[in-house]
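Engineer: This note's numbering numbers the first residue of the sequence shown as 8 and each following residue consecutively.
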Amino acid sequence: MMRRDRLVLVATLMAILSADLYFILLPKLRSIVRGSGQFCSCGHSNFTLPKLEGLATPQLFNWTSASTLTLATTTDPAHGGSKLGNLFAHPLYNIQTPPLEPEEKLLEGKQLMEYYRKKVSRWERNMKLYREVAAASNTTLTQPKVTFDPDASWLKFHLGISRYALYSRDDPAIPRLLEDMENMSIINADYTDDEKALKGSCDCTKVVKPSGHHLKLALKMKNFAKAMFKPMRQQRDDVTPEDFFYFVDFQRHNAEIAAFHLDRILDFRRVPPVAGRLLNITGEVLQVTHTMDLRSVFFTSPAKNTCFFAKCLYVCKTEYAVCGNPDLLEGSLSAYLPGLSVAPRISIPNPWTRSYTFTGREEWEVNPFYCDNIKQLYPYNSGNRLLNIIDMSIFDFLTGNMDRHHYEIFTKFGDEGFLLHLDNARGFGKHSQDEMSILAPLTQCCMIKRSTLVRLQLLTRPEFRLGDVMSESLRGDPLHPVLTEPHLRALDRRLQKILRVVRRCVRRLGEDEVITKDFVRSQSATEMTETR
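Shown next, in the form of structure tokens:
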């Protein structure tokens, strides 16, 4: 018995020694071999993340004098006391990306115009048929005024999509598109494509609703812009009940709006533009839809409010109704991306997806070395894909979104394209809880882009505090206030936790192992480009 105890003790000590060698000594030796000259020059008490001193001066869009690219305070008098304006004037938000080659643009203008002209012609033919049927049945048909504008903001948005982002930092089409979604007349309403795909196939016994099936509509504007409408399901100060699983949580329209603004502040630019709008669901949905299935779900409540519900068509309801007051209902409008026939996308399972059952657990939840396995697999064994997954986890952690089961990419850009941050409505549900498991890609892989890191650092400074610039950005939305104060404070708290995770990684593995240098010097000493 004594001999067995000694064997167990020896085995335990050997395991501890092996862990020390693998996690502490080996990374430090690797740093020495690479000639870094140091593991981490600072102690635990004065540790700080790497600064930007020493990098080349960027070519700035709106600045006339050279400045070193540091995290020092930069206040542009032209923006007065606007923290958001000063943030976007900072050199970090004015770094030029490499000039775009033709193959780095998602769409070619002539091809796109021809595609949408065909869609307009098909719309006009369908409207002619509707008018003939209405005349034969003595039915009054609403005749919305429609125009096709080749300079429409939504077309400019589609043409501006590149390998680097959905839109450029100074794209004038984006504020125009937001304004159009807020105010432009609606000429048609219909189910979204995924709800149409569920026709006859919904199983009400399933806990998880298939294909993200929730109460949402596809709206078409008078200039043929298309947007997805998600109605208000909760009040601003409502929080997700403690007993709710993430996969049955409500989808919040204000979360979609806030996610777009946060994505832009982080300079990811991977969320399509989203605007809030107060709709008259009788005049702007019921009276313009040509879909009988959609008309059939409208009813008048005992309180004389107009309501409608979602359903798995011809089978069963899966949502409670939402109601106007009596006809007005607020919601989010998300700009549609180009059609799949001109800009194909693929949906890929997230390696850190969660178990969508009550008791199941995925491998990453029980295996601390899970990322080592992922790094060996295509497409995560080279390029930016894994780093983009980590960017996405940082974004989701800030919003509190646990429902990132898939991600999408444009097939044209292949492995080096960016990830689309779609479907963010399950964020901003619990302002008092920081779900650290969302950060698993960062904590397990211990990798982060330098460009991401320095912007996160910048947003901790008092003059650019994340909660403050988010509040200012959201004040421009018609549904202001979009987020309550506790959610804005939670952003600052979660940002600090992200940086603490990076600090721990750097202490353990060294700066060279953790921080990927995606700022690249150009040939000119006064220019710097950024690879994304």
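Every residue gets a Cβ at the ideal spot worked out from N, C-alpha and C, and that includes glycine.
#1: Among the candidates 464, 336, 519, whose CA atom is the shortest distance from the CA of residue 284?
#2: How long is the line joining the alpha carbons of residue 416 and residue 352, rounded to whole angstroms?
#3: Of all the beta strand (DSSP E) runs that stay within the bounds of the stretch 324–391, which reach a length of 3 or more residues?
#4: Using 8 Å as the threshold, is the stretch 518–527 in touch with the stretch 494–505, meaning 3 or more CB pairs across them?
#5: Which complete alpha helix (DSSP H) runs does the stretch 251–323 hold, if anything under 4 residues is left out?
#6: In terms of residues, what are the limits of the beta strand (DSSP E) holding residue 195?
#7: Taking the alpha-carbon positions, what's the residue 396 to residue 161 distance?
#8: Under 8 Å by Cβ, that's how I've got residue 273 and residue 402 pegged, so tell me the actual separation to the nearest angstrom.
#9: Does the stretch 161–177 come close enough to the stretch 116–124 to have 3 or more Cβ pairs within less than 8 Å?
#10: Pick helix, strand or coil for residue 137, following the three-state DSSP scheme.
#11: Are the stretch 219–238 and the stretch 172–189 in contact at 8 Å, needing three or more beta carbon pairs?
#12: Is it buried or exposed, residue 267, if we count other Cβ atoms within 10 angstroms and call 16 or more buried?
#13: Which partner residues of residue 226 appear in the DSSP bridge assignment?
#14: Roughly how many whole angstroms lie between the Cα atoms of residue 328 and residue 288?
#15: Determine whether the beta carbon atoms of residue 390 and residue 442 lie at a separation below 8 Å.
#16: Alpha carbons only, please: which of 309, 110, 264 is nearest the one belonging to residue 429?
#17: Would residue 305 and residue 313 be called neighbours here (beta carbons separated by less than 8 Å)?
#18: Since residue 432 contacts residue 258 with CB under 8 Å, what's their CB separation in whole angstroms?
#19: Suppose only complete runs of 3+ residues qualify. What are the beta strand (DSSP E) ranges in the stretch 145–181, listed by chain order?
#20: Report all residues from its chain with a CB closer than 6 Å to the CB of residue 107; omit the five preceding and five following residues, and keep chain order.
#21: In this structure, what does DSSP give as the bridge partners for residue 413?
#22: In the DSSP assignment, what are the bridge partners of residue 451?
#23: Quick check: the stretch 367–378 against the stretch 444–453, are at least 3 beta-carbon pairs closer than 8 Å?
#24: Between the C-alpha atoms of residue 373 and residue 358, what's the straight-line distance to the nearest angstrom?
#25: Out of curiosity, what's the CA-to-CA distance linking residue 280 and residue 518?
#26: Straight-line CA distance for residue 109 to residue 420?
#27: In the DSSP output, what is residue 112 paired with across the bridge?
#28: With a threshold of 16 other CB atoms inside 10 Å of the CB of residue 132, please say whether the residue is buried or exposed.
Structural biologist: Concretely, from the data shown:
#1: 336
#2: Approximately 5 Å between the Cα atoms of the pair.
#3: 335–342, 352–356
#4: no
#5: 260–272, 299–302
#6: 193–198
#7: 28 Å
#8: 7 Å
#9: Enough Cβ pairs lie closer than 8 Å, so yes.
#10: helix
#11: A contact is defined here as three or more CB-CB pairs under 8 Å, and the stretch 219–238 meets this definition with respect to the stretch 172–189.
#12: buried
#13: 196, 234
#14: 13 Å
#15: no
#16: 264
#17: Yes, the pair counts as a contact, with Cβ atoms nearer than the cut-off.
#18: 4 Å
#19: none
#20: 169
#21: Looking at the DSSP assignment, residue 413 forms a beta bridge with 356.
#22: Answer is none; residue 451 lacks a bridge partner.
#23: yes
#24: 14 Å
#25: 35 Å
#26: 12 Å
#27: 169
#28: exposed
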